[in-house]
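Chains as they are written, first to last, in the numbering used here: chain A, 9 to 102; chain B, 14 to 125; chain C, 11 to 325.
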Amino acid sequence: MSVLRDLATIVLVSAGAVFFLAGTAGLLRFPDPLTRLHALTKADNLGLGLMVIGLLPQAEGILAGLKLVVVWLLAQLAGASATRLVARAVRRQS
Amino acid sequence: MSEAALYGLCSAVLVGIGLYGTIVQPEPLRKILAFNILGSGTFLLFGVIARRGAAAGMGGDPVPQAMVITGLVVAFSATALAVALLLRLHGAADKADAAQTPRRLGGKASGC
Amino acid sequence: MSVGLALDAGLALLASVLALWVVVARQAFAAVVGFVAFGLVLSLAWVRLAAVDVSMTEAAIGSGVTGAVMLTAVTRLRRMRPVAAAERCGRWTRTISIAASGLVSAGLAALAFSPTDPAPTLAPQAAAALPELGVGNAITGTLLAYRSVDTLLEKIVLLLALAGIWSLARDSAWGARPAPPGSGRRDDTLTLLGQVLPPLGIVVGIYIVWVGADAPGGAFQGGAILAAMWILVLMARLADPPAVGRIGVRLAATIGPIVFLAIGFAGFALPGGFLSYPPGFAKPFIIVIEVALTFSIAVVLGLLVLGPPVRGTER
Chain A
9 MSVLRDLATI VLVSAGAVFF LAGTAGLLRF PDPLTRLHAL TKADNLGLGL MVIGLLPQAE
69 GILAGLKLVV VWLLAQLAGA SATRLVARAV RRQS
Chain B
14 MSEAALYGLC SAVLVGIGLY GTIVQPEPLR KILAFNILGS GTFLLFGVIA RRGAAAGMGG
74 DPVPQAMVIT GLVVAFSATA LAVALLLRLH GAADKADAAQ TPRRLGGKAS GC
Chain C
11 MSVGLALDAG LALLASVLAL WVVVARQAFA AVVGFVAFGL VLSLAWVRLA AVDVSMTEAA
71 IGSGVTGAVM LTAVTRLRRM RPVAAAERCG RWTRTISIAA SGLVSAGLAA LAFSPTDPAP
131 TLAPQAAAAL PELGVGNAIT GTLLAYRSVD TLLEKIVLLL ALAGIWSLAR DSAWGARPAP
191 PGSGRRDDTL TLLGQVLPPL GIVVGIYIVW VGADAPGGAF QGGAILAAMW ILVLMARLAD
251 PPAVGRIGVR LAATIGPIVF LAIGFAGFAL PGGFLSYPPG FAKPFIIVIE VALTFSIAVV
311 LGLLVLGPPV RGTER
């Protein structure tokens with residue numbers, strides 16, 4: 009049972025890491041601020057989400073797992089708001 | 014190489030970079046930034062000393078860690094005061110400029 | 011080379027590269043952004059050094075609030091006159107500075123590689139005296155019991171910096187409201203953040219102060235989060251900065267040190283003198299001090315970020 013749990017954690021966290029890698033590659037290679045924002049939201053949404061889901065089997069109880077999910081939701085809120093603010097600033101400048 | 018030695022090396026590098034930046038940067042705001050890096054390197058050295066003092070079931074010696082927390086807050090208040098002084102200085106300099114001399118071309122805002 | 015050591019090497023390298031970026035970046039704005047990222051990488055390094063309280067303080071105060079102050083300064087300075095070219099330093103100054111900094115770094119690195127053996131530590135003494143305080147977190151015990159004079163003086167340093175910043179106001183603006191942070195544009199995203207985040211942030215901040223008695227946390231970290239929520243509300247223009255001449259603002263900023271000093275002077279009635287707690291009854295006093303301290307820290311940190319008062323003579 010714990011082997012299955014560890015395996016699930018490894019697979020999901022690695023998948024999340026792949027999304028983080030993709031987001032970083034996009035941030036470095038895309039030409040435009042708006043396209044770079046698009047790449048960053050992938051890391052925020054799916055990258056962090058897969059990592060949180062992968063860490064849930066390792067949490068020590070329901071409360072700890074809930075805290076992880078709340079961290080993910082807060083990161084999404086902050087990321088989405090910051091993306092919108094930056095995009096508005098970019099559009100205002102151009 | 015233990016982790017304490019690795020972070021000790023990192024703190025030495027940070028202190029060197031911060032010192033270089035404080036001396037060489039012409040703009041005061043960049044000097045303040047470099048000074049903060051110098052401070053962070055010093056705090057990291059304290060952290061390495063605390064880590065080496067791990068005993069009695071704790072991961073690190075709590076006394077240097079408490080001193081670093083105090084130091085971080087004091088460094089922030091010094092930074093805030095320095096930045097406020099800088100903004101006031103620039104405000105006063107701009108007003109004196111506009112009052113006395115005609116518009117002259119300033120140099121490019123490049124670093125050293 | 012274990013996985014932990016590889017992670018440490020990566021963090022140390024990233025921190026050094028970011029520090030170099032802060033010093034050599036061409037634009038001041040890029041340097042400030044690099045500084046905020048540097049602070050976050052450093053807080054990860056603090057976790058690796060088993061100092062979670064310091065990590066939270068670095069993220070909240072060292073990188074968060076300092077970054078806010080720097081960003082405000084960069085945007086205001088951008089409108090002002092650039093540095094004249096004559097102030098750039100020559101090649102000789104640069105070479106000598108590189109040599110001097112390299113010498114200092116080499117000396118510190120030699121210290122890091124030849125540490126004293128056995129390592130000096132106060133952890134056993136700190137852990138031994140914790141049970142009679144009723145506190146589980148050794149760092150909270152150190153900050154509020156063993157070295158409580160340091161914490162009191164640190165709080166007074168914060169107040170001194172605040173007085174220094176307020177004294178930079180123009181005579182006509184003494185006691186007025188500081189300029190609100192941010193650009194002032196009414197933005198619905200910022201309004202949403204300013205309405206959704208502060209309730210959560212206040213709960214999280216109070217929780218961090220409360221749980222700091224037995225787990226990583228404490229008054230400074232919680233106070234910094236509360237200050238950040240206040241600044242967010244001000245930035246979203248959902249409230250106005252208070253006039254700093256009002257007695258309520260000044261009382262809120264000083265209530266922490268006042269309570270601390272009162273309990274300290276009351277300690278003269280006990281053997282042990284200034285700031286000693288009655289044996290076995292220390293925890294209630296520590297909690298009272300922490301509550302007052304958190305409130306004061308939140309108010310003072312927010313006021314430090316806002317800066318000197320600028321508007322007219324309104325009170």
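A virtual CB, placed ideally from N, CA and C, is assigned to each residue, including glycine.
Bear in mind that the values here come from a model prediction, so they are computed numbers and not experimental data.
Neighbour flag for residue i against chain C, beta carbons, 8 Å
i	result
Phe48(B)	no
Ser89(A)	yes
Leu85(A)	yes
Gly124(B)	The pLDDT assigned to Gly124(B) is 40, lower than 50, so where the model puts this residue is not dependable, and the model offers no usable value.
Within chain B, partners of residue i - CB distance below 7 Å
i	result
Ser115(C)	Ala25, Val26, Val28 and Gly29
Arg86(C)	Leu100
Pro125(C)	Arg65
Ala61(C)	Gly60, Ala63, Gly73 and Gln78
Phe39(C)	Under the 7 Å cutoff, chain B gives no residues; its nearest Cβ is about 10 Å from Phe39(C).
Distance, residue j Cα to residue i Cα
i	j	result
Leu94(B)	Val87(B)	11 Å
Val32(C)	Ala279(C)	52 Å
Arg92(A)	Leu210(C)	21 Å
Val13(C)	Ala249(C)	49 Å
Arg5(C)	Val310(C)	Because residue 5(C) is not part of the residues shown, which for chain C are 11 to 325, the question remains open.
Met59(A)	Val21(A)	4 Å
Ala61(C)	Asp181(C)	45 Å
Leu28(C)	Ala47(C)	8 Å
Gly31(A)	Leu113(C)	40 Å
Trp80(A)	Ile70(A)	15 Å
Ala238(C)	Ala16(C)	34 Å
Leu63(A)	Thr17(A)	6 Å
Leu163(C)	Ser90(B)	13 Å
Val221(C)	Ala83(C)	35 Å
Ser111(C)	Val26(B)	9 Å
Leu22(B)	Ala120(C)	9 Å
Asp52(A)	Gly274(C)	48 Å
Ala139(C)	Gly151(C)	9 Å
Gly266(C)	Leu100(B)	29 Å
C-beta neighbour in chain A for residue i, strict 8 Å
i	result
Asp224(C)	no
Val206(C)	yes
Leu285(C)	no
Leu248(C)	no
Supposed close pair residue i, residue j - CB separation, criterion 8 Å
i	j	result
Thr304(C)	Val219(C)	5 Å
Gly49(C)	Gly77(C)	7 Å
Val77(A)	Pro41(A)	That belief does not hold up - the Cβ atoms of Val77(A) and Pro41(A) are roughly 31 Å apart, past 8 Å.
Ala179(C)	Pro294(C)	About 40 Å; that fails the 8 Å criterion.
Gly70(B)	Ala137(C)	7 Å
Ser15(B)	Gly54(B)	About 19 Å; that fails the 8 Å criterion.
Leu172(C)	Ala263(C)	7 Å
Met80(C)	Val42(C)	5 Å
Minimum Cβ-Cβ distance from residue i to chain B less than 8 Å
i	result
Thr323(C)	Because the pLDDT of Thr323(C) is 42, which lies under 50, any placement of that residue in the model is unreliable, and the number read from its coordinates should be weighed accordingly. Judged by the 8 Å Cβ criterion, Thr323(C) is not in contact with chain B.
Trp56(C)	yes
Asp181(C)	no
Ser158(C)	no
Glu300(C)	no
Val254(C)	no
Thr103(C)	yes
Ser107(C)	yes
Leu178(C)	yes
Ala308(C)	no
Ile71(C)	yes
Partner residues on chain B for residue i, Cβ-Cβ distance less than 8 Å
i	result
Glu164(C)	Thr83, Val86 and Val87
Gly142(C)	Strictly speaking, residue 142(C) in this sequence is Glu, with Gly absent from that position. Under the 8 Å cutoff, chain B gives no residues; its nearest Cβ is about 16 Å from Glu142(C).
The ligand NAD heavy atom lying under 7 Å from the CB of residue i
i	result
Ile273(C)	Inclusion of the ligand NAD in the displayed structure is not the case, the ligand content being empty and no account of it being possible.
Per-residue contacts from residue i into chain A (C-beta, under 8 Å)
i	result
Asp197(C)	Leu93 and Arg96
Leu202(C)	Ser89
Per-residue DSSP class, three states only, for residue i
i	result
Pro9(C)	Outside the displayed range of chain C (11 to 325) lies residue 9(C), so it cannot be described from this structure.
Pro209(C)	helix
Pro319(C)	strand
Ala47(A)	helix
Gly74(C)	helix
Gly258(C)	helix
Thr3(C)	The structure shown does not extend to residue 3(C), since chain C spans only 11 to 325, so no value can be given for it.
Glu326(C)	Summary: the structure shown does not reach residue 326(C), with chain C confined to residues 11 through 325, and so no result is reported for it.
Glu164(C)	helix
Met11(C)	coil
Phe295(C)	helix
Lys121(B)	Low confidence applies to Lys121(B): its pLDDT is 42, below 50, so where it sits in the model is not reliable enough to give any reading.
Chain-ordered neighbours of residue i on chain B, where CB pairs are closer than 9 Å
i	result
Leu14(C)	Looking at the sequence shown, residue 14(C) is not Leu but Gly. Those are Glu16, listed as they occur along chain B.
Phe45(C)	Leu46, Asn49 and Ile50
Ala137(C)	Ala68, Ala69, Gly70, Met71 and Pro75
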